[in-house]
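In the numbering used here, the protein residues as written are 285 to 404.
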């Protein structure tokens, strides 16, 4: 499976999805007015990945900020991962960033994917 790598911009996060190295990472800000377009290839990648997933899938997220529209897109991705055995999200946030911590907690409540919260 081809890896998907998208470089960060002022409005979108850095993305690295590589099944071979078992690297699944989102990092940065996601404040685009049209996150559906940005996340379309990411959702397509996960649609393929879930057909033959790795034994363990750990999605690491280190967001500075995400808007509400992005939260919906993240939930869609997490819903794709729900049937994957061993899927987990490592939700990283700054120690004093209650908004990002709460964002992760809200997503955790809306999906059956396991979450681990880490302060960085």
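Note that beta-carbon positions come from the ideal geometry of N, C-alpha and C, so glycine has one too.
Keep in mind it's a predicted model, so treat the numbers as computed, not measured.
In the three-state reduction of the DSSP assignment, residue 355 falls in the helix class, which pools H, G and I. Here the C-alpha atom of residue 297 lies approximately 12 Å from the C-alpha atom of residue 351.
Each residue's CA atom was taken as its position, placing residue 308 and residue 373 some 10 Å apart. Per DSSP, residue 328 is one residue of the alpha helix (DSSP H) stretching across 319-333. If you draw a straight line from the Cα of residue 364 to the Cα of residue 334, it is about 7 Å long.
If you draw a straight line from the Cα of residue 362 to the Cα of residue 331, it is about 11 Å long. Looking at 289, 293 and 306, the one whose alpha-carbon comes closest to that of residue 300 is 289. When DSSP states are grouped into helix, strand and coil, residue 348 belongs to the strand group.
For residue 300, the enclosing beta strand (DSSP E) has its first and last residue at 298-302. A direct Cα-Cα distance of roughly 14 Å separates residue 368 from residue 306. Taking every protein chain shown into account, the CB of residue 396 has fewer than 16 other CB atoms within 10 angstroms, so this residue is exposed.
According to DSSP, residue 292 shares a beta bridge with no other residue.
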